[in-house]
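Novice:
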Amino acid sequence: MRSEHERLAPIDILRHEHALVERVIAAMEREARTARERGRVNGAAVRQMIDFAQGFTDGCHHLKEERLLFA
Numbered sequence: 001m002r003s004e005h006e007r008l009a010p011i012d013i014l015r016h017e018h019a020l021v022e023r024v025i026a027a028m029e030r031e032a033r034t035a036r037e038r039g040r041v042n043g044a045a046v047r048q049m050i051d052f053a054q055g056f057t058d059g060c061h062h063l064k065e066e067r068l069l070f071a
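Numbering (the numbering used here), first residue to last: 1 to 71.
Following this line, the structure appears as structure tokens:
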């Protein structure tokens with residue numbers, strides 16, 4: 001049986017991924033505010049966010065957009 005993700009139309013997958021990226025951006029903004037307030041950075045959290053941005057957003061999601069929207 002196919003998973004819910006496999007049953008989605010390509011544009012719906014992109015929308016779902018955009019929502020995920022927006023959640024990570026919101027977390028980045030919260031972490032930046034917290035770092036300013038506390039005067040220190042949570043290095044582990046920032047590293048995870050950077051890894052997500054590089055690995056998923058740049059490495060996977062943008063490729064899907066280009067293939068689906070600009071092919």
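Backbone N, C-alpha and C fix where the C-beta goes; we use that ideal spot for every residue, glycine too.
1) If you draw a straight line from the alpha carbon of GLY39 to that of PHE56, how long is it in whole angstroms?
2) DSSP on LEU8, reduced to helix/strand/coil?
3) State the CB to CB distance for the pair LEU63 and LEU14, rounded to an integer number of angstroms; the pair is presumed to be in contact (CB under 8 Å).
4) Taking the alpha helix (DSSP H) that VAL41 falls in, what are its first and last residues?
5) Could you check where the alpha helix (DSSP H) with HIS62 kicks off and where it finishes?
Specialist: Let me spell this out:
1) 29 Å
2) coil
3) Their Cβ separation, rounded to whole angstroms, is 11 Å, which puts LEU63 and LEU14 out of contact at 8 Å.
4) It is not in any alpha helix (DSSP H) - VAL41 carries neither H nor E in the DSSP assignment.
5) 62-69
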